[in-house]
Amino acid sequence: MTESDPAALAAFIGNQRAEHHVPHRLACRVLGVSESWFYKWRGKPMTTREVRRGKLAEAIKQIFEGSGGTYGSPKVWIRLLREGWRVSVNTVAKILAELGLAGRKIRRRRGLTRPGKRAAAPDFVRRDFTADAPDQVWARRHDGDRHW
Numbered sequence: 000m001t002e003s004d005p006a007a008l009a010a011f012i013g014n015q016r017a018e019h020h021v022p023h024r025l026a027c028r029v030l031g032v033s034e035s036w037f038y039k040w041r042g043k044p045m046t047t048r049e050v051r052r053g054k055l056a057e058a059i060k061q062i063f064e065g066s067g068g069t070y071g072s073p074k075v076w077i078r079l080l081r082e083g084w085r086v087s088v089n090t091v092a093k094i095l096a097e098l099g100l101a102g103r104k105i106r107r108r109r110g111l112t113r114p115g116k117r118a119a120a121p122d123f124v125r126r127d128f129t130a131d132a133p134d135q136v137w138a139r140r141h142d143g144d145r146h147w
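In numbering that gives the first Met the number 0, the protein residues as written are 0 to 147.
Structure (C-alpha cells):
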C-alpha cells in the first residue's frame, strides 16, 4: 500500500473494521484522511491505469527476483522492453523504490601491492649517502616508470 494507491488505502480502512472492529472514523483520523474521502473511494473499481500499474509492478518484481536481486532500473527496463512493455526507465525506478527494491552495486576489484618473490637488495651504505672522496658512494633517484 502506497500513498499513490488510494483504492488500496480505502480497502485497508475497510478491512480494519471487518478484522479488528476499528470504526471507520477512527481509522480515517489515524491515517489522516477524511471520512468523505473514504466513502468516495470505498466501492470504486480500479482504473485501467491502476490495473496496468499493478501488472507492471508484478513484472518488475519478477524480473528483479529472477536476477537474484542484482538488476537496477536500467537493466529491468531493458528486460521489460524486450517483453513488450512500453514504459520509461524513470517509471521503473519509481516502482522499484515503492517496492523497496534496489539493485546491488558492482564491486570493483582494487589492485593490491604484493611483495615480490626476490628478497630486497642489501643496503651497503646503511642509508648514509655522504662520501669522503668522489666515486665512493653512488645513488640514484627512483621515479617509478618515468624515464626522462
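We treat Cβ as the ideally placed atom computed from N, Cα and C, and that holds for glycine.
From a predicted model like this one, the values you see are computed outputs, not experimental measurements.
query, result
"Assess contact between the segment 46–54 and the segment 66–77, defined as three or more Cβ pairs (one per stretch) separated by less than 8 Å. Is contact present?", "no"
"With distances taken from CA atoms, which of Leu111, Arg41, Glu18, Ser72 is nearest Leu98?", "Ser72"
"What do you reckon, are the CB atoms on Leu79 and Ala58 nearer than 8 Å?", "yes"
"Less than 8 Å between the beta carbons of Ala6 and Trp40, yes or no?", "yes"
"Could you pull the start and end residues of the alpha helix (DSSP H) that Arg126 belongs to?", "Counting along the chain, Arg126 falls outside any alpha helix (DSSP H), and DSSP gives it neither H nor E."
"Cα-Cα, which of Asp4, Gly102, Arg24, Thr112 is closest to Val75?", "Gly102"
"Would you mind giving the Cβ-Cβ distance between Leu8 and Leu30, rounded to the nearest angstrom? I have them listed as a contact below 8 Å.", "7 Å"
"One question on the structure: do His23 and Glu34 come within less than 8 Å of each other, judged by their Cβ atoms?", "yes"
"Let's test the definition: count the other Cβ atoms within 10 Å of the Cβ of Val91 and tell me whether it reaches 16, buried, or not, exposed.", "buried"
"Please classify Lys104: does DSSP put it in a helix, a strand, or coil?", "coil"
"Do you know how far the Cα of Lys54 is from the Cα of Ile77?", "17 Å"
"Which one of Ala132, Val136, Arg117, Ala118 has the shortest CA to CA distance from Arg126?", "Val136"
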